[in-house]
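Sequential numbering of the sequence shown, starting at 89, is according to this note's numbering. Where a beta carbon is used, it is the ideal one built from N, C-alpha and C, also for glycine. Only a predicted model underlies this, so the values are computations on that prediction, with no experimental measurement involved. First comes the structure, then the notes that go with it.
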Amino acid sequence: MVGQQCGDQLAPTGRIHLSPPDVGAAEEALVVAAMRSGWVAPTGPDLDAFERELAARVGCGHAVGVSSGTAALHLALLGVGAGPGSVVVVPTLTFVATANAVTYTGAEPVFVDCDPATGNLDVDLLSDLLDDLTRRGRRVAAVVAVDLNGTCADYDRLLPACAAAGVPVVEDSAQALGSTSGGRAAGTFGQFGVFSFNGNKILTTSSGGMLVCDDPALIARARQLSTQAREPVAHYEHREVGFNYRLSNILAALGRAQLRRLDEMIERRRAVRERYAKLFASVPGTRILGDGHPGSNCWLTSLVVEPATAGWRADELGGHLAAHDIESRPMFKPMHQQPAHLHHHAAVTGAADRLFATSISLPSGSTLVGTTADRVFAAVEEFLTRRR
Numbered sequence: 089m090v091g092q093q094c095g096d097q098l099a100p101t102g103r104i105h106l107s108p109p110d111v112g113a114a115e116e117a118l119v120v121a122a123m124r125s126g127w128v129a130p131t132g133p134d135l136d137a138f139e140r141e142l143a144a145r146v147g148c149g150h151a152v153g154v155s156s157g158t159a160a161l162h163l164a165l166l167g168v169g170a171g172p173g174s175v176v177v178v179p180t181l182t183f184v185a186t187a188n189a190v191t192y193t194g195a196e197p198v199f200v201d202c203d204p205a206t207g208n209l210d211v212d213l214l215s216d217l218l219d220d221l222t223r224r225g226r227r228v229a230a231v232v233a234v235d236l237n238g239t240c241a242d243y244d245r246l247l248p249a250c251a252a253a254g255v256p257v258v259e260d261s262a263q264a265l266g267s268t269s270g271g272r273a274a275g276t277f278g279q280f281g282v283f284s285f286n287g288n289k290i291l292t293t294s295s296g297g298m299l300v301c302d303d304p305a306l307i308a309r310a311r312q313l314s315t316q317a318r319e320p321v322a323h324y325e326h327r328e329v330g331f332n333y334r335l336s337n338i339l340a341a342l343g344r345a346q347l348r349r350l351d352e353m354i355e356r357r358r359a360v361r362e363r364y365a366k367l368f369a370s371v372p373g374t375r376i377l378g379d380g381h382p383g384s385n386c387w388l389t390s391l392v393v394e395p396a397t398a399g400w401r402a403d404e405l406g407g408h409l410a411a412h413d414i415e416s417r418p419m420f421k422p423m424h425q426q427p428a429h430l431h432h433h434a435a436v437t438g439a440a441d442r443l444f445a446t447s448i449s450l451p452s453g454s455t456l457v458g459t460t461a462d463r464v465f466a467a468v469e470e471f472l473t474r475r476r
């Protein structure tokens, strides 16, 4: 296992990753206990408990543990009626799973650009887009809002805009477990909320995800679909096509241990964000994307660089870090630029294109402490010194 404590031992010579898993003795103990209990199949008491505990953590009525955040998105979109003949509005600045899940339902994704300050969906652009789609007679099954890098979208404005258009919201909080906005937990703003527990997320089950919803009928429907739509009879009876989407009991045990440590892992990521913010505060032409949102879990810290002012490009910093065996990455390539989705309609201003061209995501994990962190920040400071 990649342990919480071992990062400091490996970092001086090993590769430093963007957001590695933060697991150790607590996770090992619960996983071993789950295995010894005999509940090795994809159901069991740890999965039931993980669903209850996560729902309680975010303040939502119900949860279904599934094999990935993408699976949760797929089930959520089916739950709101996405399907052939409908469209789903998706932020163009997102991971491809958000758009792909729409196509799984047979619906068509329509992309909308972002607020350059946060990278989240541009609500002003969304309102105009919804009006335009309605005029053209398109059925909008949902708007998917993505809480980018752990910063919640502008739900104070987004929810009324969608309500006025009669369109449900699905909240893609894959990156935002533990984040809040206005005292309300990420994942609870839409009709469905979706979390990812991939290995790079703030909480990991190795792979996995969770769907949350307050409506018991909708969650029961999602749960049935996630188990191959099996009917509640003694033999295998299937009246419709379902999916093999359930999270395993053993991985749920890992998630339970992670959930108990969630607050401390968030605090470490916030400390990393604060250190970057202080470092770049005096560097002209740079800013932290979404900085100043106190409820963010700071899953990733992304730096936006204006080359004309800074005198250097984001990719040059990335190259310098790579030479020191430190991982970094540009922001997501917008969906409207992706070859798989070029044929879909997009309402864009160029904001996402500019963020993709001028940004870099820096190591942000909760294992980034001690000499591991010192090595990263020394490399960044060395680059800045050379560029002054």
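CB-CB length for residue i against residue j, believed under 8 angstroms
i, j, result
"S107", "G407", "No, S107 and G407 are not in contact; Cβ-Cβ is about 20 angstroms, not under 8 angstroms."
"G378", "G207", "6 angstroms"
"A195", "V175", "6 angstroms"
"T276", "C148", "5 angstroms"
"L214", "L246", "7 angstroms"
With 16 other Cβ atoms within 10 Å as the buried cut-off, status of residue i
i, result
"R140", "exposed"
"H432", "buried"
"T374", "buried"
"M423", "buried"
"S370", "exposed"
"G173", "exposed"
"D216", "exposed"
"M298", "buried"
"M30", "Coverage of the chain is limited to positions 89 through 476, which leaves residue 30 absent and any answer about it impossible."
Close Cβ partners of residue i (< 6 angstroms) along its chain, the five nearest in sequence each way excluded
i, result
"P256", "V168, A230, Q279"
"C94", "Bear in mind that a pLDDT of 40 at C94, under 50, signals an unreliable position, so the number given afterwards is only what the model happens to contain. So the list is empty, once near-sequence residues are dropped."
"A440", "T180, L181, D201, C202, P422"
"D462", "none"
Residue i in three-state terms, based on DSSP
i, result
"Q322", "The sequence shown places Ala at residue 322, not Gln. Coil, per DSSP."
"F368", "helix"
"F331", "coil"
"V119", "helix"
"E394", "coil"
"M419", "coil"
"A170", "coil"
"V146", "helix"
"G343", "helix"
"I307", "helix"
"I290", "coil"
"F199", "strand"
"S314", "helix"
"A461", "helix"
"C250", "helix"
"A241", "coil"
Neighbourhood of residue i by C-beta, 7 angstroms cutoff - its chain only, sequence neighbours within 5 removed
i, result
"A189", "T158, L161, H162, L165"
"H381", "T239"
"A187", "V178, P197, M423, H429"
"A273", "V146, G147"
"F465", "R363, L367"
"A170", "V176, V190, T193, A195, A229, A230"
CB contact flag (residue i, residue j, <7 angstroms)
i, j, result
"A151", "A143", "yes"
"V177", "V211", "no"
"F183", "F420", "yes"
"S156", "S314", "no"
"R103", "D403", "no"
"P372", "T397", "yes"
"G153", "L342", "no"
"A185", "L209", "no"
"Q263", "W387", "yes"
"E383", "T268", "In the sequence under discussion, the amino acid at residue 383 is Gly, which differs from the Glu named in the question. It is a contact, given that the beta carbons lie within the stated cut-off."
Same chain, Cβ closer than 8 angstroms to residue i, neighbours up to 5 away in sequence not counted
i, result
"F444", "L181, P418, M419, F420, K421, P422, Q425"
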